[in-house]
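In my numbering, the protein residues as written are 270 to 384.
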């Protein structure tokens, strides 16, 4: 992971976490430090298995999609039609780290592939 400062109170976190069996997470976050608290202003998380993008998370608002209202603006893109097929993402947040939820998701996929 790399943190790149973009000013006094802003930084970008980028990197990948590599797992066994060809799984990886590509991570990009824009972070801000206000009043001593780090918050995520923007994020994009891609889950990969070898060369296939199997899902991604983002917080691009889709206010006209009532199916996403419960976790607005957080959502997950899943197959089929991964670009347009979105579901709520209750495990994503702007105020707490999201990496542990992503790692847990990949670990479950690895366990399923080993079963």
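No residue lacks a Cβ here, since even glycine has one placed at the ideal position from N, Cα and C.
In this text, all values refer to a predicted model and were calculated from it rather than measured experimentally.
Does DSSP put residue i in a helix, in a strand, or in coil?
{"i": "residue 341", "result": "coil"}
{"i": "residue 375", "result": "helix"}
{"i": "residue 358", "result": "coil"}
{"i": "residue 346", "result": "strand"}
{"i": "residue 291", "result": "helix"}
Pull up the CB-CB distance for residue i and residue j, whole angstroms please, since I reckon it's below 8 Å.
{"i": "residue 288", "j": "residue 298", "result": "At roughly 19 Å, the Cβ-Cβ gap does not stay under 8 Å, so residue 288 and residue 298 are not in contact."}
{"i": "residue 322", "j": "residue 351", "result": "7 Å"}
{"i": "residue 316", "j": "residue 356", "result": "Actually they are not in contact, since the Cβ atoms of residue 316 and residue 356 sit about 14 Å apart, beyond 8 Å."}
Does the Cβ of residue i have 16 or more other Cβ atoms within 10 Å, making it buried, or fewer, making it exposed?
{"i": "residue 303", "result": "exposed"}
{"i": "residue 353", "result": "exposed"}
{"i": "residue 277", "result": "exposed"}
{"i": "residue 358", "result": "buried"}
{"i": "residue 270", "result": "exposed"}
Between the Cα of residue i and the Cα atoms of the options, which residue gives the shortest distance?
{"i": "residue 318", "options": "294, 362 and 369", "result": "294"}
{"i": "residue 364", "options": "326, 308 and 331", "result": "308"}
{"i": "residue 387", "options": "279, 320 and 328", "result": "Coverage of the chain is limited to positions 270 through 384, which leaves residue 387 absent and any answer about it impossible."}
{"i": "residue 331", "options": "346, 342 and 324", "result": "342"}
Using the DSSP secondary-structure output, state which residues sit across from residue i in a beta bridge.
{"i": "residue 313", "result": "297 and 327"}
{"i": "residue 282", "result": "272 and 298"}
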